[in-house]
Structure formats: C-alpha cells, structure tokens
Amino acid sequence: MENFIVSARKYRPDTFQTVVAQASITNTLKNAIKSSQLAHAYLFCGPRGVGKTTCARIFAQTINCTNLSPEIEACNQCDSCKAFNTSRSFNIHELDAASNNSVDDIRNLTDQVRIPPQMGKYSVYIIDEVHAFISGFNAF
0 MENFIVSARK YRPDTFQTVV AQASITNTLK NAIKSSQLAH AYLFCGPRGV GKTTCARIFA
60 QTINCTNLSP EIEACNQCDS CKAFNTSRSF NIHELDAASN NSVDDIRNLT DQVRIPPQMG
120 KYSVYIIDEV HAFISGFNAF
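FYI, the numbering for the sequence shown is 0 to 139, going by numbering that gives the first Met the number 0.
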C-alpha cells in the first residue's frame with residue numbers, strides 16, 4: 000500500500016505545455032517569467048478541477064529552474080528541478096489551509112517565510128483551499 004498514489008497526483012501535468020484548456024493562463028505565466036516581471040503574489044481562482052494548484056506547482060518549479068528551455072519550461076535536470084520532482088524542495092512549500100487553519104499554523108508559516116531560499120531564487124508558498132481559513136485568517 001505504500002506505493003499508492005492518488006490518480007489526480009499521478010497523472011497531474013508537469014509542464015505548462017501539458018496543461019489542458021488553460022492556454023491563456025499558461026501563456027501569461029510564461030510571459031511573466033520570460034520578461035522577468037514576477038509579482039510578489041498570484042491568486043489562482045476558479046471551480047474545482049480546472050488546474051489551479053497544478054499551474055501554481057508548475058510555475059513554482061519553473062521560476063526556480065536554473066536551465067529553462069527556450070519554450071520557458073523547467074528542465075527537470077538541474078538540482079532545483081530534481082528536488083521538486085522528488086518532493087524534497089526547500090524552496091516550494093505547500094500548505095493545505097483546510098487542515099492547517101489555526102493561529103499556531105499561521106505563526107509557523109510566518110516563521111518559515113523568514114528563511115531565504117536554499118536553492119534557486121525564490122521561496123514559493125502555495126496555500127491551497129484558502130477559503131477554509133476561518134480561525135487563523137486574522138493571524139494570516
């Protein structure tokens with residue numbers, strides 16, 4: 000049972016090119032990377048299953064990649080990409096707000112933000128299910 004992976008994660012797209020039906024979003028993100036004009040925060044919103052978290056993960060991997068392809072895709076060969084692909088990246092943090100919504104969880108998050116990126120340029124925090132922040136929202 001230890002090798003079980005949820006099919007949504009197993010078959011999740013891993014490049015901008017493999018994201019289906021979101022060309023306007025992926026092109027916008029790629030253009031921001033190409034022109035080096037990244038915002039300090041991005042808000043991905045929409046109904047369930049349209050690829051919000053997937054696009055955020057691909058974007059996080061791509062901005063920290065050291066060998067971008069001409070198509071503005073992550074190389075999957077550099078140390079940053081290898082760390083991301085094996086879920087051991089110190090630069091990309093995913094937080095599920097549905098289960099981590101207490102004031103103490105937010106304090107832990109703000110303590111993490113003070114640590115600079117270990118590998119690559121950016122520390123990225125992907126906060127999923129933000130609408131579930133109830134008790135910790137003011138602390139956030």
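All C-beta atoms in this analysis are idealised placements derived from N, C-alpha and C, irrespective of residue type, glycine included.
Distance from the CA atom of Y41 to the CA atom of F3, rounded to whole angstroms, is 31 Å.
When DSSP states are grouped into helix, strand and coil, D104 belongs to the helix group. If you draw a 10 Å sphere on the C-beta of F89, you find fewer than 16 other C-beta atoms in it, and that means exposed. When secondary structure is reduced to three states using DSSP, D127 falls in the strand class.
By the Cβ-count criterion, G48 is exposed, with fewer than 16 other Cβ atoms from all chains shown falling within 10 Å of its own Cβ. Under the three-pair Cβ rule at 8 Å, the stretch 99 to 112 does not count as touching the stretch 75 to 85. Of the candidates T27, R87, N100 and S34, the residue whose Cα lies closest to the Cα of A55 is T27. C-alpha of T53 to C-alpha of E70: approximately 18 Å in a straight line.
For C80, same chain residues with a beta-carbon under 7 Å away, outside a window of 5 residues either side, are Q60, C64, A73 and C74 in chain order. Apart from the 5 residues on each side of it in sequence, F58 sits with its Cβ closer than 6 Å to the Cβ of L28 in its chain, given in chain order. Here DSSP, grouped into helix, strand and coil, assigns L28 to helix.
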